[in-house]
Amino acid sequence: MSKIDRVKAHVLAELAKEQGEQLRFMANLDLRLVFGYLTAQFILVGWITNQAELAIQLVSAVLLVNGLLFGVIVMLLVRHGRRRHHVSQTSRNIDSALQLYETGIYFEGRIKNPDRQREKNPLFLYWHPIYIFICAVAFTGVSLLIASIYLV
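Numbering (our numbering), first residue to last: 29 to 180.
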């Protein structure tokens, strides 16, 4: 491959920095979403277990809202996973443009960057499946607890 000029290299390096910042921001946002959801589940369990008696309609409404909240969290995590995949792909494209995967360009007989994960399904990238699993366990546990106390 031919050498790239200084201006293009500088632009690509700035783009790579922006992509890295975006990945860090999304990772932080995902953690806040998951911990916020888990906090809401703990608060719900604390409140519901302190209630002596609740009307069936209220219990049903709580379960419905809890299910909707879980659905929103899963949707956001899946969307963030897809967006993360796009940002990662952009970073790989920048690396390729900078010739970081070509042997001997920067180091004799070696490549500068090892090849990154090339998973095709964005749902299975990063921590998103684990986050979704944790939220699903919390949702199921809280829902079963509420149902067993008030609906049986």
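We put the beta carbon where it would ideally sit given N, CA and C, even for glycine.
Predicted model, so just to flag it, every value in this text is computed and none were measured.
If you draw a straight line from the alpha carbon of residue i to that of residue j, how long is it in whole angstroms?
i: Leu91; j: Val100; result: 14 Å
i: Ala44; j: Ser119; result: 6 Å
i: Glu130; j: Thr67; result: 47 Å
i: Ile71; j: Phe53; result: 27 Å
i: Ser171; j: Ala55; result: 28 Å
i: Gln69; j: Val115; result: 31 Å
i: Ala80; j: Leu96; result: 25 Å
i: Val180; j: Ile162; result: 26 Å
Put residue i into one of helix, strand or coil per three-state DSSP.
i: Val102; result: helix
i: Asn56; result: helix
i: Asp123; result: helix
i: Val115; result: helix
i: Ser171; result: helix
i: Val35; result: helix
i: Leu128; result: coil
i: Glu46; result: helix
i: Val165; result: helix
i: Ala68; result: helix
i: Trp75; result: helix
i: Ala80; result: coil
i: Val205; result: Because the chain in this structure spans residues 29 to 180, residue 205 falls outside the shown range and cannot be described.
i: Val62; result: helix
By Cβ distance below 6 Å, which residues in the same chain neighbour residue i in space, the five residues on each side in sequence not counted?
i: Phe98; result: Phe167
i: Leu126; result: Leu40
i: Ile122; result: Leu40, Leu43 and Ala44
Can you tell which of the options has the C-alpha that lies nearest to the C-alpha of residue i?
i: Trp117; options: Glu42, Gln47, Ala41 and Val35; result: Note that residue 117 is Gln in the sequence shown here, rather than Trp. Answer by Cα proximity: Gln47.
i: Val73; options: Gly169, Leu179 and Val180; result: Gly169
i: Ala164; options: Tyr65, Asp33, Lys36 and Ile32; result: Tyr65
i: Asp58; options: Ile76, Arg110, Ser176 and Ala175; result: Arg110
For residue i, collect the residues of the same chain with a Cβ closer than 7 Å to its Cβ; drop the 5 residues on either side in sequence, then sort them by chain order.
i: Ile160; result: Val102 and Leu105
State buried or exposed for residue i, treating a residue as buried only when at least 16 other CB atoms are found within 10 Å of its CB.
i: His108; result: buried
i: His38; result: exposed
i: Asp33; result: exposed
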